[in-house]
Amino acid sequence: MMFRRASRAIRIGDVTIGGGAPIVVQSMTKTDTRHAQATIDQIRELEECGCQLVRVAVPDREAAQAIPAIKRGIAIPLIADIHFDHRLALLALEAGVDGLRLNPGNISDPEHVKKVVSAAKEREVPIRIGVNAGSLPKAQEPEKPTVERMVDAALGHIQLLEGLGFELIKVSLKAFDVPTTIEANKAIAQRMPYPLHLGITEAGTPRRGVIRSAVGIGTLLSQGIGDTIRVSLTGDPQEEVIAGYEILKSLDLEEHGPTLISCPSCGRAEVDIIGLANAVEERLLKIEKPIKVAVMGCVVNGPGEARDADVGIACGEGRGVIFRRGEQVCTVEERDFLEALMAEVEGI
Ligand code: SF4
Numbered sequence: 007m008m009f010r011r012a013s014r015a016i017r018i019g020d021v022t023i024g025g026g027a028p029i030v031v032q033s034m035t036k037t038d039t040r041h042a043q044a045t046i047d048q049i050r051e052l053e054e055c056g057c058q059l060v061r062v063a064v065p066d067r068e069a070a071q072a073i074p075a076i077k078r079g080i081a082i083p084l085i086a087d088i089h090f091d092h093r094l095a096l097l098a099l100e101a102g103v104d105g106l107r108l109n110p111g112n113i114s115d116p117e118h119v120k121k122v123v124s125a126a127k128e129r130e131v132p133i134r135i136g137v138n139a140g141s142l143p144k145a146q147e148p149e150k151p152t153v154e155r156m157v158d159a160a161l162g163h164i165q166l167l168e169g170l171g172f173e174l175i176k177v178s179l180k181a182f183d184v185p186t187t188i189e190a191n192k193a194i195a196q197r198m199p200y201p202l203h204l205g206i207t208e209a210g211t212p213r214r215g216v217i218r219s220a221v222g223i224g225t226l227l228s229q230g231i232g233d234t235i236r237v238s239l240t241g242d243p244q245e246e247v248i249a250g251y252e253i254l255k256s257l258d259l260e261e262h263g264p265t266l267i268s269c270p271s272c273g274r275a276e277v278d279i280i281g282l283a284n285a286v287e288e289r290l291l292k293i294e295k296p297i298k299v300a301v302m303g304c305v306v307n308g309p310g311e312a313r314d315a316d317v318g319i320a321c322g323e324g325r326g327v328i329f330r331r332g333e334q335v336c337t338v339e340e341r342d343f344l345e346a347l348m349a350e351v352e353g354i
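The numbers in the numbering used here rise by one with no breaks, and the one at position 142 of the sequence shown is 148.
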């Protein structure tokens, strides 16, 4: 069992974050929040792939007014992302959001901060303080290293909330730069008890963003730091959720859906193993069972891995042997590889 930093538990709707609860995978919609139905449709797709919490941008009044309809159309807790305008935070709270992402230090009037905090307290709605390296206050000791400035900024926002008797806090410190994100989170983890939301901000398109996120988030999780994760990608938000679970599965922190074990293929392969692995991966997206499925290209390393998986295929010249829980089930022709393997997966 991996060591995990002890953090305080908070509840966002019916989801617990921190306090040793399983790490929560979340995402953010990319639709215009004012278009409630489009936003609901995207959130439903996210729910289907296991997203546990979702955040929507609330840039104006109309977006805040769409929240009740969105809430009615979805099953997972909803977080409103607010910047600067306390009126939008109040509207979002009245509309029934389960969480806020808001930096109290960015609201200039302390009376306005008080109003938001008291409305959040009354409804027991947590607030995430989110510090991004790219938007640190310019006046704030520019000579200090970025990591220290990020930590100082987060602690400043935390003090503001604590000063108002509010402790339903979640914190994130994100940067595009992976080492900065890692160092900032390690530093803040020692200086406050609240749960941490991890992510690499502006990580990029899926090809690179998934890797940057996996390295950053994975490094921190492997050190016991982090209570909820969001993989930020310039792409379909479902990819964010799929990547999030792959990170957790890689560290044995979560069992979620199938795990595909596939060989990279090489000059020994006598079938299109890359095509087969991609087709199997696509089909496995619809399967919820936490099973291991192996797709192997030849008789050298194939049978061992295929036998160790719950279901596996070891391919040879034009034919493949299917294994189920270590037992050889049948030999199939190349044209039947996919269907025969999936029939075993579905039957297990
Ligand atoms: Fe090559 Fe066989 Fe290994 Fe696949 S399992 S990479 S085909 S040696």
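Every residue gets a Cβ at the ideal spot worked out from N, C-alpha and C, and that includes glycine.
- For MET302, the enclosing beta strand (DSSP E) stretches over residues 298-302.
- Residue pairing from DSSP places VAL62 in a beta bridge opposite ALA86.
- For GLU173, same chain residues with a beta-carbon under 7 Å away, outside a window of 5 residues either side, do not exist.
- Annotated as distal: VAL301 and ARG274, with beta-carbon spacing of 8 Å or more.
- The beta carbons of TYR251 and GLY56 sit closer together than 8 Å.
- Secondary structure of GLU147 (DSSP, three-state): coil.
- LYS298 sits close to ALA315, with the two beta carbons spaced by under 8 Å.
- Going by C-alpha positions, THR35 is about 15 Å away from ILE248.
- Looking at the backbone, the Cα of ILE76 and that of ARG50 are separated by about 11 Å.
- Just so you know, the alpha carbons of PRO74 and ASN112 end up roughly 26 Å apart.
- In the three-state reduction of the DSSP assignment, PHE343 falls in the helix class, which pools H, G and I.
- Selection around the ligand SF4 by beta-carbon proximity, strictly under 6 Å to any non-hydrogen atom, yields CYS269, PRO270, SER271, CYS272, ARG274, ALA275, MET302, GLY303, CYS304, VAL306, ASN307 and GLY308 in chain order.
- Separation of the CB atoms of ALA126 and LEU99 is rounded to 6 Å, and the pair is thereby assigned contact status at 8 Å.
- Under DSSP, MET8 shares a beta bridge with no residue.
- ALA320 is bridged by DSSP to MET302 and VAL327.
- Going by DSSP, SER256 is part of no beta strand (DSSP E) but of the alpha helix (DSSP H) stretching over 243-256.
- With contacts defined by Cβ atoms closer than 8 Å, LEU266 and GLU260 do not form a contacting pair.
- In the structure shown, VAL30 falls within a strand segment according to DSSP collapsed to helix, strand and coil.
- Residue state for GLU260 is assigned as coil, using DSSP reduced to three classes.
- Annotation for LYS127: the continuous alpha helix (DSSP H) segment containing it runs 116-129.
- A distance of 8 Å or more separates the beta carbons of LEU59 and ILE88.
- Nearest C-alpha to ILE354 among GLU323, GLY281 and PRO264: PRO264.
- Residue burial is scored here from C-beta neighbours: LYS144 has fewer than 16 other C-beta atoms within 10 angstroms and is therefore classed as exposed.
- Non-local C-beta neighbours of ALA72 in its own chain, meaning closer than 8 Å and more than five positions away in sequence, comprise THR39, ARG40, HIS41, ALA42 and THR45, ordered along the chain.
- Taking a contact as a CB-CB distance under 8 Å, the pair ARG236 and HIS203 counts as one, their CB atoms being some 7 Å apart.
- VAL137 is bridged by DSSP to LEU179.
- Under the three-state reduction of DSSP, SER219 is assigned to helix.
- Cα atoms of PRO65 and ASN109: separation of roughly 14 Å, rounded to the nearest angstrom.
- DSSP, reduced to helix, strand and coil, places SER238 outside both helices and strands of the structure shown, so it counts as coil.
- Here LEU344 really is in contact with VAL286; their C-beta atoms are around 7 Å apart, less than 8 Å.
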